[in-house]
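Enquirer:
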Amino acid sequence: MYGVARTSELASALRKFGFGITKGVEVLESILDVPHEISYSEGKEIRDLTEKMGVEALIHGALDTPVTMGEMELWRRAQDTMERSIRSAIMCGASYVLFHGSVWRWPETLTAAELPVSWTMVDELGRPIRERLKEPEEKELREWFVEKYWRTYAGYILLPEEDRLIEAEILAKTRELEEKLGERLRKGEKEAVEEFTRERGKFYETKIKEVLKEHLEEGKKWLHEDRGNPVDIYRIMAHYLLLKKDPIGEELSKMYRKELEEAGLLPIPTESKKIEEWVGNLLKRSKEAGKKPLADFYYAIVASKYYEGHLKKLLETVENFIKKEVPILEVPPDEKEKLKKIAKEIKITIETPFIGGAYAGMMTLWHPRQIYAAVKSFRKALQTEKIFMTIDFEHTAVEGVDPYKEIPEFTKLAPDAGKFILSLHVTKPTPLHHHLEVEPGDVEIYKLLWNLRKAGMGKYFTVYLIFERGGEAEPYKRSITALKIMVDHLEKNIAPEELIKRPEFFGVTTGEIASEERQLATIREHARDPLKGLITVPEEAYTFLGRAATEKGKRPEEWKKEELR
691 MYGVARTSEL ASALRKFGFG ITKGVEVLES ILDVPHEISY SEGKEIRDLT
741 EKMGVEALIH GALDTPVTMG EMELWRRAQD TMERSIRSAI MCGASYVLFH
791 GSVWRWPETL TAAELPVSWT MVDELGRPIR ERLKEPEEKE LREWFVEKYW
841 RTYAGYILLP EEDRLIEAEI LAKTRELEEK LGERLRKGEK EAVEEFTRER
891 GKFYETKIKE VLKEHLEEGK KWLHEDRGNP VDIYRIMAHY LLLKKDPIGE
941 ELSKMYRKEL EEAGLLPIPT ESKKIEEWVG NLLKRSKEAG KKPLADFYYA
991 IVASKYYEGH LKKLLETVEN FIKKEVPILE VPPDEKEKLK KIAKEIKITI
1041 ETPFIGGAYA GMMTLWHPRQ IYAAVKSFRK ALQTEKIFMT IDFEHTAVEG
1091 VDPYKEIPEF TKLAPDAGKF ILSLHVTKPT PLHHHLEVEP GDVEIYKLLW
1141 NLRKAGMGKY FTVYLIFERG GEAEPYKRSI TALKIMVDHL EKNIAPEELI
1191 KRPEFFGVTT GEIASEERQL ATIREHARDP LKGLITVPEE AYTFLGRAAT
1241 EKGKRPEEWK KEELR
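Going by the numbering used here, the first residue of the sequence shown is number 691, and it counts up by one from there.
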């Protein structure tokens, strides 16, 4: 029962920071178990603590934020979670707040138990999709929607008075056809019956489409606005984004150019009829062996746009916090200025997420190249440089991707990735997600860091290397030492093949924090630990500082434990 039987250092946000500070780090990233975890009062204590200890604070947002789903209540929940998370981050003086890329799978794989009972389809800004369809400039999108979905959604969209109008005109058309075909129809002549059925059906379809177009153009409410589904809204949004030549499609197509070219799917069309055919072909081809990246590309386009909508609102929330919320806080004036400064400078970073299990690699926005493309697009669309990305090596492994192979390929696709990488979560990657420690001298992890360094990581701004603690009694072990050594070598631009000439990388050089001399001193210091409690001579611990020694005239100062062990 994780929520009940937790270790004491996880009992509050302040305790989380307090425990981490004892580990000799320069920066601490604390995960929010609930988005509203840090109030002003606790945030003030955390700021005082970190400032005194010279440690920088970072915040990892709540894990279950449904940021890439086109359903109204899920969208609202995601937005509320992100807004409360960034408030917590501001209160404690964090330099950034981190959110996962996606925690939701491809829409086709979701089950009814995981979804809301009522599904109100929304655009990236959380508005009912009818708001997008009614816009004057979206005539082409409206017409495509009617052509594709008139059978599916007419009954959910049209109002009773519209139904009555259609029924009246259908009745009139029926009478017209009956008069036209007359005796032939009454006798059941095959050709006459077929003509009647064909003409009546064609009129029925034409009339419904006509009324639907008028309804959508006027932006009327739908009769049953909660009758959509996740597959349809992704298809609608994908068509809209490709039709509008949205920058996210352009950025992602660069990342998936090889796969798209091999499948004969380039260039991407911009005409509505061709887009419909192209998307259908892409989804069909994605089911072929080895073609999964085509589906990744499709879902990432829509998921990224939903993420952009959330970020747009989140940046507005920060502005409102500065202009409207801070002035009415009952805190000293200097505190108000501090909070304003923190809010103005806070960054947002998007991490490669994980889900694992049977659906590994099937989230809508998860791969480093997807998030890289999304971040570049967000910066352009939102005109900000406050949005970054975070790579978690272990999360890529959990999703069935070998980070030792994937990271070098990623940096070839994105040679300027260093301009967007704000932090890394560095553990020994394993698909079992154990958060194994980083050992001094781990050349393989250094190669991962080196590849990103070659792509400019750390050359434009400070980048944070975070070791995520596991669940052991001493989860850090020597990870902090190991990462400090690696950072030192990265800053000196020492290539992995040169490490063999540098014994200090492996922690065996005189004076280094993990040197052989220091390790030997530690061994000697604890050599007799197993004997504790077993020696019967009256000693203090295991030396001659006990009562027997002092009674013989030996002063404690004449003995030093370190010299006798």
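Ideal Cβ positions, reconstructed from N, Cα and C, are used throughout, including at glycine.
#1: Could you pull out every residue in the same chain whose Cβ sits closer than 7 angstroms to the Cβ of Trp-1056, ignoring the five residues on either side in sequence?
#2: Comparing alpha-carbon positions, which option in Glu-1096, Gly-710 and Lys-829 lies nearest Thr-904?
#3: Buried or exposed for His-1216, please, with buried defined as at least 16 other CB atoms from any protein chain shown within 10 angstroms of its CB.
#4: Where does Tyr-1150 land, buried or exposed, given buried means 16+ other C-beta within 10 angstroms?
#5: Apply the 10 Å Cβ neighbour rule to Thr-740 and answer buried if 16 or more other Cβ atoms are within range, or exposed otherwise.
#6: For Pro-756, which residues in the same chain have their Cβ closer than 7 angstroms to its Cβ, ignoring the five residues on either side in sequence?
#7: Between Glu-798 and Leu-704, what straight-line distance do the alpha-carbon atoms span, to the nearest angstrom?
#8: What does a CB cutoff of less than 6 angstroms around Ala-1063 pick up in its chain, not counting 5 residues either side in sequence?
#9: On the criterion of 16 or more Cβ atoms from any shown chain inside 10 Å, does Lys-706 qualify as buried, or is it exposed?
#10: Phe-789 bridges to which residues according to DSSP?
#11: Should the stretch 944-959 be regarded as contacting the stretch 830-850, the criterion being three or more beta carbon pairs within less than 8 angstroms?
#12: Quick one: grab the DSSP three-state call for Glu-961.
#13: Cutting at 8 angstroms between CB atoms, please list the residues of its own chain near Gly-744, excluding the five before and the five after it.
#14: Jot down the residue ranges of each uninterrupted beta strand (DSSP E) in the stretch 1075-1114, minimum 3 residues, whole runs only, in chain order.
#15: Using a Cβ-Cβ cut-off of 8 angstroms (strictly less than) and excluding sequence neighbours within five positions of Thr-864, which residues of its own chain qualify?
#16: Using the beta-carbon count (16 or more within 10 Å), is Tyr-692 buried or exposed?
#17: Helix, strand or coil: which one does DSSP assign to Leu-1261?
#18: Out of curiosity, what's the CA-to-CA distance linking Glu-868 and Ile-860?
#19: If you draw a straight line from the alpha carbon of Lys-977 to that of His-929, how long is it in whole angstroms?
#20: Which residue from Tyr-989, Asp-770, Arg-1192 and Leu-788 puts its Cα closest to that of Leu-718?
#21: Roughly how many whole angstroms lie between the Cα atoms of Ala-1107 and Lys-1070?
#22: Would you identify the three-state DSSP class for Val-1227, choosing helix, strand or coil?
#23: Counting along the chain, where does the alpha helix (DSSP H) carrying Glu-907 start and finish?
#24: Comparing C-alpha positions only, which one of Trp-834, Arg-777, Arg-917 and Lys-1037 sits nearest to Leu-902?
#25: Quick test of the definition: if touching needs 3 or more C-beta pairs under 8 angstroms, does the stretch 1108-1116 touch the stretch 1075-1086?
#26: Pick helix, strand or coil for Arg-917, following the three-state DSSP scheme.
#27: Starting from Glu-821, trace the alpha helix (DSSP H) in both directions and tell me its first and last residue.
#28: Of the residues Lys-892, Arg-822 and Glu-998, which one's Cα is nearest the Cα of Leu-906?
#29: Leu-1155 lies in the alpha helix (DSSP H); which residues open and close that run?
#30: Compare the C-alpha of Arg-777 against each of Gly-918, Lys-1066, Ile-1097 and Leu-1004 and name the closest.
#31: One question on the structure: do Thr-1086 and Glu-1096 come within less than 8 angstroms of each other, judged by their Cβ atoms?
#32: DSSP state of His-1000, grouped into three classes?
#33: Whole angstroms is fine: what's the gap from Glu-852's alpha carbon to Tyr-997's?
#34: Taking 8 angstroms as the CB-CB limit, is Leu-823 close to chain D?
#35: Would you identify the three-state DSSP class for Ser-775, choosing helix, strand or coil?
#36: Please report the straight-line C-alpha distance between Arg-925 and Asp-813, rounded to a whole angstrom.
Expert: In terms of the structure at hand:
#1: Gly-791, Ser-792, Thr-1042, Pro-1043 and Glu-1089
#2: In the sequence on display, residue 904 carries Glu and not Thr. Glu-904 has its Cα closest to that of Lys-829, out of Glu-1096, Gly-710 and Lys-829.
#3: Flag for His-1216 reads exposed.
#4: exposed
#5: Classification for Thr-740: buried.
#6: Leu-764, Arg-767, Ala-768, Val-793 and Trp-794
#7: 42 angstroms
#8: Glu-941, Leu-942 and Met-945
#9: buried
#10: For Phe-789, which the question treats as bridged, DSSP gives the partners Ile-1040.
#11: no
#12: In the structure shown, the three-state DSSP call for Glu-961 is coil.
#13: Glu-716
#14: 1077-1082
#15: Arg-890
#16: Here the model assigns Tyr-692 a pLDDT of 38, short of 50, so the residue's position is not dependable, and the following value carries that caveat. Counting Cβ neighbours within 10 Å, Tyr-692 comes out exposed, since fewer than 16 surround it.
#17: Nothing about residue 1261 can be read from this structure; the chain reaches only from 691 to 1255.
#18: 12 angstroms
#19: Between the alpha carbons of Lys-977 and His-929 lies a gap of roughly 20 angstroms.
#20: Leu-788
#21: 16 angstroms
#22: Low confidence applies to Val-1227: its pLDDT is 46, below 50, so where it sits in the model is not reliable, and the reading given next is rough at best. Note: Val-1227 maps to coil in three-state DSSP.
#23: 880-908
#24: Comparing C-alpha distances from Leu-902 to each of Trp-834, Arg-777, Arg-917 and Lys-1037 shows the shortest one belongs to Trp-834.
#25: yes
#26: strand
#27: 819-823
#28: Leu-906 has its Cα closest to that of Arg-822, out of Lys-892, Arg-822 and Glu-998.
#29: Unbroken run through Leu-1155 is the beta strand (DSSP E), 1154-1156; no alpha helix (DSSP H).
#30: Leu-1004
#31: yes
#32: Taken through DSSP and simplified to helix, strand or coil, His-1000 comes out as helix.
#33: 36 angstroms
#34: You won't find chain D in this structure, because it holds only one protein chain.
#35: helix
#36: Cα to Cα, Arg-925 sits roughly 12 angstroms from Asp-813.
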